[in-house]
Each structure stands twice: as structure tokens, then as C-alpha cells.
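Visitor: Numbering (my numbering), first residue to last: 12 to 463.
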Amino acid sequence: MNSNNDIDSTFPPDFLWGVATSAFQIEGAAAEDGKGRSIWDDFCRVPGAIVDGSNGDVACDHYHRWAADLDMIKGLGVDAYRFSISWPRVRPTGEGAWNEAGLAFYEKLVDGLIERGIKPCITLYHWDLPSALQAKGGWANRETVHRFVEYALEIGRRFGDRAESITTHNEPWIVATLGHETGTFAPGIKNRAMAAQVSHHLLLSHGLALQALRERGCKAQLGIVLNLSPTYPATDSAEDHKAAKVADAHLLRWYLDPIFHGRYPQEALDDLGADAPKVEPGDFALIGQKLDYLGINYYSRSVISAKGQWKAGSQGHALTDMGWEVYPQGLTELLLRLHRDYPGVPLYITENGAAFKDQITNGLVHDADRTRYIAEHIEAVAQAMKQGARIGGYMVWSLMDNFEWASGYEKRFGIVHVDYESQARHLKDSARWYRDFLKRQRMLRSGAAQPA
Ligand code: IFM
């Protein structure tokens, strides 16, 4: 890669390039057309839960602006759009009657994408559990697993023939750990044993949904998306190495090992002790359904110090506005490790991107840091592919600025700027770079251009 962020690798012709969003973060229309409440609607009302006191009531108003947003996506020249379905929009209480008006929105979205030549990649669960299910215990209640399977089957029945892929869960670690252990995300619970049980139920619901969708002949590719932040010891000391191994067992292997190897990692079980989840006979066989793909959300590495003394950026790496280190080589290393330890499944980068403080002037945003971040990570993917990893696609997080959970609207991840007052969208320089990069990739593939 040179200083203009030109990437000289040519990706395979069927490599899937995309942009990603999620329902709660962009849709708004929180109480429209019969939509039920979600745990995030509730969490946003908890004083102090969201940094800027905001909520998802309007967000990017995508529910009303979807057609123009799809035109914008088409203009970027991507192959695929990854979005999530709001469970309470299509089944307001998580059980009982389906909400046809809510389903009609996703019908329009899916058909609108296909009309524009863009592949719909659906995520079923991107964190917005119907509040009515939370009132019955939420993910800590094993019954929720069955409600999720019903939801997955209905979406599979309606969209499975048109969607490119259906992902069960986005980042179950966040749901379990931030939602139920640290309590910093919805539903705001602080209980380590419950968090471990929730993680098990999420995995079980994933496996059961995959099994049920396949039994019904669902045509879409089926998989799961994990946030995989590789862990590194802060120093060469034995304590830091040990702490990094335990952290890795909690964050990466906790979700990968049950799916691929039929067990939880012993290091994490030892650390959990009495807080380890209750696993019923046969659960691991259900969880271990074959994946058509594994989605990886990569943003940064985690550096682990046994004494908790490590400071992000102390080794000279730049930080994003989230305070996360820019560490593209971590992505290459992660992909090669996955290729080695969990072979046989195509890997997709389902999220990668960065929040930076943007300035908009006359509709222009010169987000050089974000452009460089994206280019460096695409290059990191290319490096992993050159060394043998099987990667099927890459998606930028995010299409546009949106509700960044507990950070509210203060952190901007979009390659498109959103003015939340007027809802005007403006392509940032990073979006223009991505669009031009994709154009060039198409030319390189067809032999009409020379590598940079
Ligand atoms: O905005 C989130 C997204 O919902 C899940 N992955 C990480 C992103 C950035 O924090």
C-alpha cells in the first residue's frame, strides 16, 4: 500500500464487498406500525446509561428513508448490504402474532436491494430483544432459545430464498458480557453467572436455529458473526502470558470452541468456577452445526496485563475516537490463526471500521484517518489470503453514522456523514475512496487496469 492508500492486491472475482448496519442503530420509527419495545428502547431510558442521554427513537430515520439509502448504497458499488431485522418490529412481544406491517418493511428492503443488484445479508439478532421476553427472564431463560428459533424460521420462510445469508447472532460476547456481566449495555445486568448462562443460551439458539432452517430447506448461507479481538500479553512475563491466555479463552475460544470442538475452553471454565453455565446433555451437539461461513468483526487487539496496567497507545499505535488501537496486523494474525485452528469454514470480515472525530464543511468530510484505517485493514486481509486463509468478503462498519449504543450519537463510524437534525447524508472521503477502490478492483479483475 502506498501513501495514497492504493492497494495493489487483486481480490477474487467472487469476493463479496459490502457495508453494514443494524436495525436499532439506524431505523428509528421506534413505535411505528405496531413495533414492540426492545431492551434497548428501555435501556436508553435508564438515567446515565447512554453518554449523551439519547435513544434510538429516530436514529437515522432509515425506516422512512430506506429507498434513498439503498440508492446511496448502490452508488458505492458494493456487492452486499449487511443489516439486521428488529425482532420486536416483526413480532412485537417475541411470541404470538407476527406484525405484517413490520415484515412489510423488510420485504421492501430485501426486494429493493435485489432490484439494485445488491445481495441482502440478514442478521437476526443484533441485540434488540423484545422487552416482553426480557420480562420473562430474557436470554437467561432457556425458553427464549425456542422463541428465537421460531423467529429464525419465520424469517427463513419469508426471506430465505432471496437473502444471500442469514446470520443468527451478531457478537454474542457483547450480549452476554456487556449486557449481563458489566451491565454497560442492555439489559444492564451485573451478574457473572447469569452472563455465562446467557452465552450458553445464545450459542444453543444459534445451533438450533441453523438446524431448523436447514431442515426446512432454507437456501441462504447460514452462519454466525463473532467479535474477535485477538489478545496479546502486555509484557513477556509469565503472568501476562497466562492472563492473555485466559482472556483469549473468554473472548475468542468461548464462542469458537463449542461450535468447532464441542466444548468450552478449560481455562475459562476454571476461571468461572461456580459461575460456569449449566449445559444439558446434547447441547454441544446442537451448538456444533456446520457453518456455511464465520463472520468476524475486527476493530482492534486486546492487550492483557495481569495487573491491569496496560494503556492503549502506549506502544505508539494510533488510537481511534473509541480509544481503540489501530492494529491492522492483528487482523492478518487472527485470520491465519482461525484458518489454522478452525479450518474448513470460509471467513468473512463482517465488520471493520473506525470512529474518528469528523468535521463537515460545505458537505465535505476529509476523514483521512478512517480512509487509511480501512485501506490498511483491507491490505491486512489480502496478506492473510496470500498466506492461505480462505476469506470470502469484507464489509465496512458502518455505511453511515448511527447510534453507537452506550456512546449515543457522539461516536461516528460511518463512511457517510449523517446530520441528525436534517437527516442529510454526505459521503465522507472514506466512502469516495471505498467506491473508487471497488471500481478499480472491478477493472483489475477484468484486466482493464494495471496494479498500482
Ligand atoms: O456499532 C457496533 C456494532 O453494533 C457491533 N460491532 C461493533 C460496532 C462498533 O462499536
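The C-beta atom is built at its ideal place from N, Cα and C for all residues, glycine as well.
Quantities reported herein were computed from a predicted structural model and do not represent experimental measurements.
(1) Let me make sure I understand the geometry here. Which of Ala187, Leu347 and Ile402 has the alpha-carbon closest to that of Pro357?
(2) Leaving out the 5 sequence neighbours to the left and right, which residues in its chain are closer than 6 Å to Leu302 when beta-carbon positions are compared?
(3) Within the same chain, show all residues whose beta-carbon is closer than 7 Å to that of Ala60, passing over the 5 residues directly before and after it, in chain order.
(4) Tell whether a beta-carbon distance below 8 Å holds between Ala41 and Asp82.
(5) Enumerate in chain order the residues of its own chain whose CB-to-CB distance from Ile129 is below 8 Å, with the five nearest sequence positions on each side excluded.
(6) Short check: CB of Trp265 to CB of Ala255, under 8 Å?
(7) Determine contact between the stretch 155 to 172 and the stretch 101 to 121, defined as no fewer than three beta-carbon pairs at a distance below 8 Å.
(8) Mind checking which residues open and close the beta strand (DSSP E) that includes His180?
(9) Let's see if you can read the secondary structure: which residues bound the beta strand (DSSP E) around Thr155?
(10) Have a look at Val337 and Glu387 and give me their C-alpha separation to the nearest angstrom.
(11) Examine chain C for any beta-carbon lying closer than 8 Å to the beta-carbon of Glu111, and answer yes or no.
(12) Do Tyr136 and Thr179 have their beta-carbon atoms positioned less than 8 Å apart in this structure?
(13) Can you give me the C-alpha to C-alpha distance between Trp150 and Arg274, rounded to a whole angstrom?
(14) For a test of your reading of the model: does the CB of Ser33 fall under 7 Å from any non-hydrogen atom of the ligand IFM? Yes or no.
(15) Does Ala108 pass the burial test, meaning 16 or more other C-beta atoms within 10 Å, or should it be called exposed?
(16) Along the chain, where does the beta strand (DSSP E) containing Phe26 start, and where does it finish?
(17) Tell me which same chain residues have a C-beta within less than 6 Å of the C-beta of Leu263, skipping the five on either side of it?
(18) Using CA atoms only, rank isn't needed, just tell me which of Leu346, Lys422, Tyr405 and Asn363 is closest to Gly399.
(19) Taking the C-alpha atoms as reference points, what is the distance between Arg76 and Ala70?
(20) Please list, in chain order, all residues of the same chain as Asn202 whose beta carbon is under 8 Å from its beta carbon, the five residues on each side excluded.
(21) Taking 8 Å as the threshold (C-beta atoms), are Asp72 and Ala204 in contact?
(22) Can you give me the Cβ contacts of Arg456 inside the same chain, cut-off strictly under 7 Å, excluding the 5 residues immediately before and after it?
(23) Alpha carbon to alpha carbon, how far is Ala317 from Glu421? Give it in angstroms, no decimals.
(24) For the alpha helix (DSSP H) holding Glu396, just list the boundary residues, first then last.
(25) Which residue from Gly404, Tyr309, Gly39 and Thr242 puts its Cα closest to that of Pro339?
(26) Give me the residue from His217, Asn110 and Ala379 with the minimum Cα distance to Leu267.
(27) Do Thr155 and Asn413 have their C-beta atoms closer together than 8 Å?
Guide: Short version:
(1) With respect to the C-alpha of Pro357, the residue from Ala187, Leu347 and Ile402 having the closest C-alpha is Ile402.
(2) Only Gly234 and Val356 meet the Cβ criterion.
(3) Within the same chain, Phe54, Gly199 and Ala417 come within 7 Å of Ala60 by CB-CB distance, once the 5 residues on both sides are set aside.
(4) No, these two residues do not count as a Cβ contact at 8 Å.
(5) Only Leu81, Ile84, Lys85, Val89, Asp90, Ala91 and Tyr92 meet the Cβ criterion.
(6) No. Outside cutoff.
(7) Because the criterion of three Cβ pairs below 8 Å is met, the stretch 155 to 172 and the stretch 101 to 121 touch.
(8) Element bounds for His180: Ser176 to Asn181.
(9) Where Thr155 is concerned, there is no enclosing beta strand (DSSP E), although the alpha helix (DSSP H) around it starts and stops at Glu154 to Phe170.
(10) Between the alpha carbons of Val337 and Glu387 lies a gap of roughly 9 Å.
(11) The chain labelled as chain C is not found in the depicted structure, where only one protein chain is given.
(12) Yes, Cβ-Cβ distance for Thr179 and Tyr136 is below 8 Å.
(13) Rounded to whole angstroms, Trp150 to Arg274 spans 20 Å at the Cα level.
(14) At least one heavy atom of the ligand IFM is nearer than 7 Å to the Cβ of Ser33, so yes.
(15) Classification for Ala108: exposed.
(16) Phe26 -> no beta strand (DSSP E), and no H or E assigned at all.
(17) So the qualifying residues of the chain are Leu239.
(18) Of the listed residues, the one whose Cα sits closest to Gly399 is Leu346.
(19) In a straight line, the C-alpha of Arg76 is about 11 Å away from that of Ala70.
(20) Contacts found: His191 and Glu192.
(21) Result no, Cβ atoms of Ala204 and Asp72 do not sit closer than 8 Å.
(22) Correct list, in chain order: Thr21 and Pro24.
(23) Distance from the CA atom of Glu421 to the CA atom of Ala317, rounded to whole angstroms, is 32 Å.
(24) Per the sequence shown, the amino acid found at residue 396 is Met instead of Glu. From DSSP, the alpha helix (DSSP H) with Met396 extends over Ala379 to Lys397.
(25) Nearest of Gly404, Tyr309, Gly39 and Thr242 to Pro339, Cα basis: Tyr309.
(26) Minimum Cα distance to Leu267 is reached at His217.
(27) Between Thr155 and Asn413, the CB-CB gap reaches or exceeds 8 Å.
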